[in-house]
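Below is one structure; the comments refer to it alone.
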(Lines of atoms letter the chains of each structure in order from A and count residues from 1; the text may use other names and numbers.)
(Lines give C-alpha, C1' and ligand atoms only; values in the text may rest on other atoms or scores of the structure.)
Protein backbone atom coordinates (compact mmCIF):
# COMPACT_ATOMS: atom_id res chain seq x y z
CA UNK A 1 0.00 0.00 0.00
CA UNK A 2 2.75 2.43 0.93
CA UNK A 3 4.62 1.65 -2.25
CA UNK A 4 1.52 2.32 -4.31
CA UNK A 5 0.98 5.62 -2.53
CA UNK A 6 4.62 6.57 -3.06
CA UNK A 7 4.36 5.67 -6.74
CA UNK A 8 1.17 7.69 -7.03
CA UNK A 9 2.83 10.65 -5.31
CA UNK A 10 5.84 10.29 -7.59
CA UNK A 11 3.61 10.27 -10.67
CA UNK A 12 1.76 13.30 -9.35
CA UNK A 13 5.05 15.13 -8.81
CA UNK A 14 6.19 14.22 -12.33
CA UNK A 15 2.88 15.49 -13.78
CA UNK A 16 3.19 18.72 -11.84
CA UNK A 17 6.78 19.14 -12.97
CA UNK A 18 5.82 18.52 -16.63
CA UNK A 19 2.98 21.00 -16.29
CA UNK A 20 5.34 23.63 -14.81
CA UNK A 21 7.81 23.02 -17.63
CA UNK A 22 5.03 23.36 -20.18
CA UNK A 23 3.85 26.60 -18.55
CA UNK A 24 7.37 28.01 -18.47
CA UNK A 25 7.83 27.05 -22.12
CA UNK A 26 4.52 28.75 -22.95
CA UNK A 27 5.64 31.83 -20.99
CA UNK A 28 8.91 31.84 -22.89
CA UNK A 29 7.10 31.58 -26.24
CA UNK A 30 4.77 34.37 -25.24
CA UNK A 31 7.73 36.59 -24.35
CA UNK A 32 9.44 35.74 -27.64
CA UNK A 33 6.30 36.53 -29.61
CA UNK A 34 5.68 39.78 -27.77
CA UNK A 35 9.26 40.94 -28.19
CA UNK A 36 9.12 40.04 -31.90
CA UNK A 37 5.86 41.96 -32.26
CA UNK A 38 7.29 45.06 -30.59
CA UNK A 39 10.49 44.86 -32.62
CA UNK A 40 8.43 44.70 -35.82
CA UNK A 41 6.21 47.57 -34.69
CA UNK A 42 9.28 49.68 -33.87
CA UNK A 43 10.94 49.02 -37.22
CA UNK A 44 7.69 49.77 -39.08
CA UNK A 45 7.37 52.97 -37.09
CA UNK A 46 10.90 54.05 -37.99
CA UNK A 47 10.32 53.29 -41.67
CA UNK A 48 7.03 55.19 -41.63
CA UNK A 49 8.65 58.19 -39.97
CA UNK A 50 11.43 58.16 -42.56
CA UNK A 51 8.99 58.15 -45.50
CA UNK A 52 6.81 60.80 -43.86
CA UNK A 53 9.83 63.03 -43.25
CA UNK A 54 11.03 62.55 -46.84
CA UNK A 55 7.56 63.44 -48.15
CA UNK A 56 7.49 66.52 -45.93
CA UNK A 57 10.86 67.68 -47.25
CA UNK A 58 9.74 67.24 -50.86
CA UNK A 59 6.54 69.20 -50.24
CA UNK A 60 8.47 71.94 -48.43
CA UNK A 61 10.94 72.24 -51.31
CA UNK A 62 8.15 72.40 -53.90
CA UNK A 63 6.32 75.09 -51.95
CA UNK A 64 9.53 77.07 -51.44
CA UNK A 65 10.23 76.89 -55.18
CA UNK A 66 6.75 78.18 -55.98
CA UNK A 67 7.15 81.09 -53.55
CA UNK A 68 10.58 81.92 -55.01
CA UNK A 69 9.18 81.94 -58.54
CA UNK A 70 6.25 84.11 -57.47
CA UNK A 71 8.57 86.54 -55.72
CA UNK A 72 10.88 86.79 -58.73
CA UNK A 73 7.90 87.30 -61.02
CA UNK A 74 6.47 89.95 -58.70
CA UNK A 75 9.84 91.68 -58.46
CA UNK A 76 10.11 91.78 -62.26
CA UNK A 77 6.60 93.19 -62.59
CA UNK A 78 7.36 95.82 -59.94
CA UNK A 79 10.44 96.91 -61.89
CA UNK A 80 8.40 97.19 -65.10
CA UNK A 81 5.68 99.19 -63.35
CA UNK A 82 8.26 101.44 -61.70
CA UNK A 83 9.83 102.12 -65.10
CA UNK A 84 6.40 102.94 -66.58
CA UNK A 85 5.55 105.27 -63.69
CA UNK A 86 8.90 107.02 -64.07
CA UNK A 87 8.31 107.40 -67.81
CA UNK A 88 4.85 108.89 -67.19
CA UNK A 89 6.22 111.27 -64.57
CA UNK A 90 8.92 112.37 -67.02
CA UNK A 91 6.23 113.10 -69.61
CA UNK A 92 4.27 115.27 -67.16
CA UNK A 93 7.24 117.26 -65.85
CA UNK A 94 7.74 119.43 -68.92
CA UNK A 95 4.04 120.31 -68.98
CA UNK A 96 3.90 121.41 -65.36
CA UNK A 97 7.20 123.31 -65.39
CA UNK A 98 6.16 125.63 -68.23
CA UNK A 99 4.73 128.88 -66.84
CA UNK A 100 1.19 129.60 -67.75
CA UNK A 101 0.76 132.86 -69.67
CA UNK A 102 -1.28 135.56 -68.11
CA UNK A 103 -1.17 134.17 -64.64
CA UNK A 104 0.54 137.29 -63.30
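In UniProt numbering, the protein residues as written are 1 to 104.
For every residue, glycine included, the Cβ atom is placed at its ideal position computed from N, Cα and C.
Alpha-carbon to alpha-carbon, residue j and residue i
i          : j          : result
residue 13 : residue 29 : 24 Å
residue 25 : residue 17 : 12 Å
residue 6  : residue 45 : 58 Å
residue 39 : residue 70 : 47 Å
residue 74 : residue 80 : 10 Å
residue 63 : residue 90 : 40 Å
residue 60 : residue 67 : 11 Å
residue 33 : residue 65 : 48 Å
residue 41 : residue 2  : 58 Å
residue 53 : residue 20 : 49 Å
residue 10 : residue 36 : 39 Å
residue 77 : residue 58 : 29 Å
residue 87 : residue 72 : 23 Å
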